[in-house]
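Step one of this worksheet: look at the structure below.
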Amino acid sequence: MTSIRGDELTFAYNGDDVLQRLTIEAHPGQVLAIIGPNGVGKTTLLRLLAQTLAPREGHVFLGERDLADLSQRAVARDLALAPQEDPATSLTVAEVVALGRAPHRGWLLPLNPHDQAVIEAALARTGLAPLRERRVSALSGGERRRVVLARALCQEPHVLLLDEPTAYLDLRYQTQVLHLVADLAHRDGLTVVLTLHDLNQAALYADRLALLSDGALVATGAPDQVLTADNLSRAYGLPVQVSVHPIYGTPLVTPVIDTPDR
6 MTSIRGDELT
16 FAYNGDDVLQ
26 RLTIEAHPGQ
36 VLAIIGPNGV
46 GKTTLLRLLA
56 QTLAPREGHV
66 FLGERDLADL
76 SQRAVARDLA
86 LAPQEDPATS
96 LTVAEVVALG
106 RAPHRGWLLP
116 LNPHDQAVIE
126 AALARTGLAP
136 LRERRVSALS
146 GGERRRVVLA
156 RALCQEPHVL
166 LLDEPTAYLD
176 LRYQTQVLHL
186 VADLAHRDGL
196 TVVLTLHDLN
206 QAALYADRLA
216 LLSDGALVAT
226 GAPDQVLTAD
236 NLSRAYGLPV
246 QVSVHPIYGT
256 PLVTPVIDTP
266 DR
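When we follow the working numbering, the leftmost residue of the sequence shown carries the number 6, and every step to the right adds one.
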């Protein structure tokens, strides 16, 4: 399996730095969750790692290979990005998921038995097998999110990048998707990097966290090292209490706010 490293990454929109000399690394068999307030560059960082955006400065490495030296097809054989954008298409679920085989087969070659097996496995692992013949345009937002994930799994990547994989999902499917993400890392050995807003889910499912604020890393490390009251108050501008989850033993973050009268 393959690690991924962003080295001294800087990126700017319209001349304004969004990320400043940021270095981040993720390893096989682990889930790295990128957390932080809205607008601090979480999605931008993920897109830099995927090479769908080019850094103004810095480099991204898959293992020891600089992604700038690789073709898009070569990158896609090792790395898959599941973006926030839903696939707006009249194709069926199975047809969209099958597009993940393109880096291995090209666009014109027919699917072989291995391809078919990979597609079926991706549909099964994301709970989409019963919906395989449904048109994606007729699905709910949560179902489309699972289609995006299944298509990424079809690439058979060594590195999986997920932008808000629980967006639009209800509690049941959030739990299922995050269990699957952890399983892909811990059982299958993938390197998984995802963005999350829910700090308590990040504490529960991620092995390591990277907390961003104002285009820089506030802290990186194990959840109990990153999710401290000082770090979170600094990043979010809001007092928080960090306790221990009574069931799982992970950090449990609670905002300290004035509650309305009831």
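Yeah, the Cβ is synthetic: ideal placement off N, Cα and C, and Gly gets one too. Owing to the predicted nature of the structure, the values given are computational and were not obtained by experimental measurement.
When you compare each of LEU37, GLU148, ALA59 to VAL102 by their alpha carbons, which one comes out closest? GLU148
Between the C-alpha atoms of ASP71 and GLN206, what's the straight-line distance to the nearest angstrom? Distance between the alpha carbons of ASP71 and GLN206 is about 32 Å.
Please classify VAL98 as buried or exposed, where buried requires at least 16 other C-beta atoms within 10 Å of its C-beta. Flag for VAL98 reads buried.
I'd like the span of the beta strand (DSSP E) that includes ILE40, first residue to last. 36–40
Candidates GLY111, GLN25, MET6: which alpha carbon is nearest THR15's? Restricting attention to GLY111, GLN25, MET6, the CA atom closest to the CA of THR15 is found in GLN25.
In three-state DSSP terms, what is ALA13? The sequence as given places Glu at residue 13; Ala does not occur at that position. Secondary structure of GLU13 (DSSP, three-state): strand.
Per DSSP, which residues does ILE29 bridge with? Please list them. GLY11
Please classify ARG192: does DSSP put it in a helix, a strand, or coil? coil
If you check the beta carbons only, do LEU37 and ALA143 fall under 9 Å apart? no
Can you list, in chain order, the stretches of the beta strand (DSSP E) that have 3 or more residues and sit fully within the segment 71–116? 84–87
Going by C-alpha to C-alpha distance, which of PRO60, THR7, GLY34, GLY46 sits closest to ASN80? Position check: residue 80 holds Val in this sequence, whereas Asn was assumed. With distances taken between Cα atoms, VAL80 lies closest to THR7.
Under 9 Å, Cβ to Cβ, is there at least one residue of chain D near LEU201? No chain D appears in this structure, which consists of one protein chain only.
Quick one: residues in its chain with C-beta nearer than 7 Å to the C-beta of LEU54, no 5 flanking neighbours on either side, listed in chain order? Sequence-distant Cβ neighbours of LEU54 in its own chain, meaning closer than 7 Å and more than five residues away, are ILE9, GLY11, VAL65, LEU166, VAL198.
Is it true that the CB of VAL245 sits closer than 9 Å to the CB of THR255? At the C-beta level, THR255 and VAL245 stay beyond 9 Å of one another.
Using only the alpha-carbon positions, how far apart do ASP168 and ASP263 sit? 32 Å
Pull up the distance between the alpha-carbon of ALA190 and that of GLY34, whole angstroms please. 4 Å
Measuring straight from C-alpha to C-alpha, what distance separates LEU237 and LEU243? 8 Å
First and last residue of the beta strand (DSSP E) that includes PRO162? Taken as a continuous stretch (DSSP letters only), PRO162 belongs to no beta strand (DSSP E), as it is neither H nor E.
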